[in-house]
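> Would you mind keeping the following structure in view while I ask a few things?
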Amino acid sequence: MADTSSTTSTLTDARAEIAGGVIRAIAGESARLRADQQTAVAALCEASARVLVVQATGWGKSAVYWAATAIRRAEGAGPTLVVSPLLSLMRDQVAAAGRAGLRAATLNSNNIDEWSSIEHDLRSGAVDVLLVSPERLANPGFGRRVLDGLAGQVGLLVIDEAHAVSDWGHDFRPDYRRVSDVLQQLNPKTPVLATTATANSRVTDDVAHQLGESTLVLRGPLARSSLQLAVVDALSPLDRFAWVVDHLPKLPGSGIVYTLTVSDAQRLAAAIQEVHGRDVPVAAYTGGLDAGARESLEDALRANELKALVATSALGMGYDKPDLGFVVHVGSPPSPVSYYQQVGRAGRGIDHAVVALLPSDADAGVWDYFATATIPVPENVNRLLRGLDGYGPDQPATVPGLEAETGLRRTRVELMLKQLAVDGVVERVEKGWLRTGAEWTFDAAHYDGIVAVRRREADIMRAYTRGDRCLMQLLQESLDDPSAEPCGRCSVCLGELPDPLRAAPEPETVQSIVRLLRGEVHVLEPRKMWPGGAFGAKGRIPAELSAEPGRTIVYADAPEWREVLRGTFTDGPPDPDSLEALKAGAVAALSRWRGSWSSRPDVVVPLAAAGYGRLTAEIADHVATVGRLDRAELTVNPTGFTDDLSSAEEAKVWRDGIQVDEATAQVVTARTVLLLVDASSSQWPITVATAKLRESGAAAVLPLLIHKRP
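Take a look at the structure:
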């Protein structure tokens with residue numbers, strides 16, 4: 001492959017005039033194509049071109065494909081097909097294409113009513129640009145209706161955020177790998193442009209290899225002079241929330257506050273609203289929102305109707321607000337590449353934007369999860385393949401069917417099917433998934449390498465939070481930018497935090513947040529499927545053995561409970577003050593729960609699933625006294641339990657290790673049981689204990705979990 005970032009290719013006068021008109025329409029009358037933009041556009045005017053552009057956010061990568069599209073359409077080529085990862089990005093791109101004089105459309109789950117007319121316009125040549133997600137591209141129905149009609153006619157294929165093509169990248173998405181299949185289906189001579197701002201040398205090489213050996217790679221410097229980077233260190237997880245609440249009104253303009261989890265986004269937004277009300281309007285933005293709600297929030301931030309969106313990484317790639325004044329991270333992302341991509345939302349059209357990272361030791365647990373979350377587990381893959389083998393060669397399996405057949409969670413089934421499709425082991429058809437006949441083998445060396453890369457990236461983020469050297473320089477080096485050098489404006493280069501970031505959070509703010517967050521209600525949804533495997537039983541758990549939706553007092557690494565957990569979940573006697581806090585939390589949870597349970601509890605049964613028998617018994621006794629409930633006991637001896645058991649193995653341990661004796665059966669028969677559990681991440685002890693209590697005659701079981709572990 002060729003890297004010609006220091007050379008330029010010329011456009012003919014006619015092509016240059018068209019490209020110049022596009023760039024002026026997008027960026028103003030004085031705008032001109034940069035050298036690398038001109039090189040890329042000129043290359044894409046030729047058949048079979050393969051171009052990979054790796055440039056900083058805000059550089060103008062989209063201008064390349066709008067200019068190339070305008071030229072190719074003027075010369076009689078078919079429409080451009082843009083593969084784009086997010087709905088918010090597509091919306092911005094549709095608007096940008098319109099400014100460039102092009103008619104763009106998108107087919108997504110939010111505009112189903114418009115599909116028919118868009119597809120008609122596409123066939124008639126009225127649409128210049130079609131934007132689709134990689135998931136839509138991989139959909140067989142889309143292929144039959146749209147791609148088949150475009151066969152041989154696509155004038156340009158654009159792969160936006162192309163780092164997602166590589167499983168070495170920070171945001172690998174298996175559906176992106178289907179792009180190469182689609183390219184072959186359309187026309188191998190179709191020019192292809194891939195763009196990204198977040199690819200190091202390894203990812204760049206991988207993407208270029210997938211595009212073809214003749215790929216032209218155009219890399220530029222990745223420094224962003226408008227960003228002032230800072231690390232606000234020495235804050236506890238709870239202090240970080242208070243810091244944001246106190247500092248948000250002082251930050252310039254409007255911006256984004258990123259969190260690592262959905263829960264933190266929702267909780268922090270609630271804390272800001274509680275303290276500031278309408279004076280500092282904010283909203284939580286997560287992938288769990290429907291498309292319409294996300295679109296509304298994006299528009300509200302763009303119009304400065306909100307001070308900030310408190311968001312997960314769902315608001316990342318492609319969101320375009322040129323005057324975004326700040327980006328704050330409550331918790332460090334696991335990768336410097338993903339961090340660079342997110343902070344790149346700020347300062348795109350203004351001279352100065354504030355970027356602050358608020359790290360914590362607690363971040364490492366989230367990093368460990370992300371390092372392995374997408375790595376296939378051979379046991380689970382083989383279980384899924386056995387489930388597929390139960391279907392005939394012409395009988396597609398559906399995701400819900402495979403979930404019921406295997407006991408695996410639906411999201412895990414969907415991810416594994418996409419990964420297996422990349423390996424050619426399964427094929428997606430219109431009614432589901434089929435085995436192809438190819439065998440699957442676990443490439444341990446490959447996946448070990450991916451995990452090692454992710455852990456090295458986590459080490460780079462540790463160096464970033466320590467301030468080992470210039471923050472911008474470190475981000476550039478993580479992306480293999482040869483122009484990396486000290487920026488002279490970050491908190492490391494200056495030796496201090498910029499003025500808006502210096503003050504510590506107010507103690508009163510910390511206490512108000514503690515009170516608010518400890519008052520939250522966390523619903524504990526019961527497991528619905530038996531795991532199969534070593535457990536034996538699989539499929540849906542019968543209603544007569546199921547728990548009611550329960551409640552959790554402490555969810556995951558909730559900062560407002562951290563010190564309390566340290567004082568109670570210990571090998572020695574619980575700290576009295578911490579124990580009283582959990583007792584009060586249990587009573588408060590029951591009080592808030594009262595209006596929605598199926599029937600009032602009659603008897604409380606403790607279950608020390610994590611081994612904290614004294615703690616669990618004391619809280620159960622307190623709840624029984626306050627609520628005037630009877631008490632009963634389970635016989636619990638989970639022999640062979642370890643943290644590395646599979647789901648089926650753990651469920652079997654609890655099935656063999658929990659017994660309901662005759663005395664307890666007499667107490668619970670025809671009554672509602674409050675099952676009080678110390679801690680669990682899997683919920684298998686709760687699920688199995690519930691089934692045993694229901695088998696022994698309990699009319700209903702209401703689980704109250706003290707700590708839902710991540």
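Under my numbering, the first residue of the sequence shown carries the number 1, and numbering increases by one thereafter.
Idealized CB from N, CA, C, for every residue including glycine.
1) I need the boundaries of the beta strand (DSSP E) containing I712, first residue and last residue.
2) State buried or exposed for A2, treating a residue as buried only when at least 16 other CB atoms are found within 10 Å of its CB.
3) Answer yes or no: do T672 and V603 have a C-beta to C-beta separation smaller than 9 angstroms?
4) Jot down the residue ranges of each uninterrupted beta strand (DSSP E) in the region 284-329, minimum 3 residues, whole runs only, in chain order.
5) Bridge partners of P703, per DSSP?
6) Is it buried or exposed for T669, if we count other Cβ within 10 angstroms and need 16 for buried?
7) Using only CA atoms, which one of N200, L147, T204 lies nearest to V179?
8) So what does DSSP say about Q228, is it helix, strand or coil?
9) Whether or not the region 314-334 and the region 235-253 are in contact is what I'm after, with contact meaning three or more pairs of Cβ atoms, one per stretch, closer than 8 angstroms; do they touch?
10) According to DSSP, simplified to helix, strand and coil, what is W243?
11) Could you tell me which residues DSSP pairs with M529 in its beta bridges?
12) Determine, using beta carbons only, whether T372 and T312 come nearer to each other than 9 angstroms.
13) Whole angstroms are fine: how far does the CA of T635 sit from the CA of D661?
14) Just curious, the alpha helix (DSSP H) that I686 is in, first and last residue?
15) Looking only at its chain, what residues have a beta carbon closer than 6 angstroms to the beta carbon of W684, apart from the 5 residues adjacent to it on each side?
16) Quick one: grab the DSSP three-state call for L11.
17) What did DSSP end up calling A698 once you bin it into helix, strand or coil?
18) Beta strand (DSSP E) containing V154: first to last residue?
19) If I follow the unbroken alpha helix (DSSP H) through A336, where does it start and stop?
20) Starting from L357, follow its DSSP beta bridges and name the residues at the other end.
21) Got a sec? Which residues, its chain only, sit under 7 angstroms from G697 by beta carbon, not counting five neighbours each side?
22) Hey, I706 and L615: beta-carbon distance below 9 angstroms or not?
23) What whole-angstrom Cβ distance do K307 and V282 have, given they're in contact under 8 angstroms?
24) Return the bridge partner residues of L745 from the DSSP annotation.
25) Since R144 is in the beta strand (DSSP E), which residue starts that stretch and which ends it?
26) Which partner residues of S124 appear in the DSSP bridge assignment?
27) For a test of the three-state rule: what should DSSP assign to Q666, helix, strand or coil?
28) Step through the CB atoms of chain C and report whether any lies within less than 9 angstroms of the CB of D661.
29) CB G432 to CB P393, shorter than 9 angstroms?
30) If we count the other Cβ atoms within 10 Å of its Cβ and call it buried at 16 or more, is V165 buried or exposed?
31) Verify whether the separation of the beta carbon atoms of R202 and V453 is less than 9 angstroms.
32) Applying the criterion that 16 or more other CB atoms from any shown protein chain within 10 Å of the CB defines a buried residue, is W298 buried or exposed?
33) To the nearest angstrom, how far is it from the Cα of T286 to the Cα of A269?
34) What ranges does the alpha helix (DSSP H) occupy inside the region 251-278, keeping only unbroken runs of at least 4 residues that lie completely in it?
35) For G424, count neighbouring Cβ atoms within 10 angstroms of its own Cβ and tell me buried if that reaches 16, exposed if not.
36) Are the beta-carbon atoms belonging to R50 and T204 less than 9 angstroms from one another?
By the coordinates alone:
1) This structure gives no information on residue 712, because the portion of the chain shown stretches from 1 to 710.
2) The predicted position of A2 is uncertain, since its pLDDT is 48 and thus under 50; a value taken from the coordinates is nonetheless stated next. With fewer than 16 other Cβ atoms within 10 Å, it is exposed.
3) Cβ atoms of T672 and V603: closer than 9 angstroms.
4) If we require 3 residues or more, the beta strand (DSSP E) runs fully inside the region 284-329 come out as 308-311.
5) Answer is L675.
6) Exposed, because fewer than 16 other Cβ atoms sit within 10 Å of the Cβ of T669.
7) Taking only the C-alpha atoms, the option nearest V179 is L147.
8) DSSP places Q228 within a strand segment (E or B) once states are collapsed to three.
9) Yes: the two stretches touch, three or more of their Cβ pairs being nearer than 8 angstroms.
10) Of the three classes helix, strand and coil, the one that applies to W243 here is helix, per DSSP.
11) M529 pairs with R540.
12) No, the pair does not count as a contact, with Cβ atoms beyond the cut-off.
13) The straight-line gap from Cα to Cα measures roughly 7 angstroms.
14) Per DSSP, I686 belongs to the alpha helix (DSSP H) from 684-695.
15) Within the same chain, W684 has close Cβ partners E650, A651, W654.
16) Note: L11 maps to coil in three-state DSSP.
17) Collapsing the DSSP output to three states places A698 in a strand.
18) Neither: V154 is in no beta strand (DSSP E) and is coded neither H nor E.
19) First, the amino acid is wrong: residue 336 is Pro here, not Ala. Here the alpha helix (DSSP H) through P336 covers 336-343.
20) L357 is bridged to V231, H329.
21) So the qualifying residues of the chain are A665, V668, T669, A670.
22) One thing to note: I706 has its Cβ within 9 angstroms of the Cβ of L615.
23) Contact holds; Cβ gap of about 6 angstroms.
24) Absent from the model: residue 745. The displayed extent of the chain is 1 to 710, so no value can be given.
25) Taken as a continuous stretch (DSSP letters only), R144 belongs to no beta strand (DSSP E), as it is neither H nor E.
26) Looking at the DSSP assignment, S124 forms no beta bridge with any residue, so it has no partner.
27) DSSP places Q666 in helix when its eight states are reduced to three.
28) Of the chains in the structure shown, none is chain C; there is only one protein chain.
29) Taking 9 angstroms as the cut-off, the Cβ atoms of G432 and P393 do not count as close.
30) Burial is judged here by how many other beta carbons sit within 10 angstroms of a residue's own beta carbon; V165 has at least 16 and is buried.
31) A Cβ-Cβ contact shorter than 9 angstroms links R202 with V453.
32) Trp is not the amino acid found at residue 298; the sequence shown has Glu there. Per the 10 Å Cβ criterion, buried.
33) Rounded to the nearest angstrom, the two C-alpha atoms are 11 angstroms apart.
34) Taking only runs of at least 4 residues, the alpha helix (DSSP H) segments lying wholly in the region 251-278 are 262-276.
35) With fewer than 16 neighbouring CB atoms inside 10 Å of its own CB, G424 falls in the exposed class.
36) Not in contact: R50 and T204 (Cβ atoms no closer than 9 angstroms).
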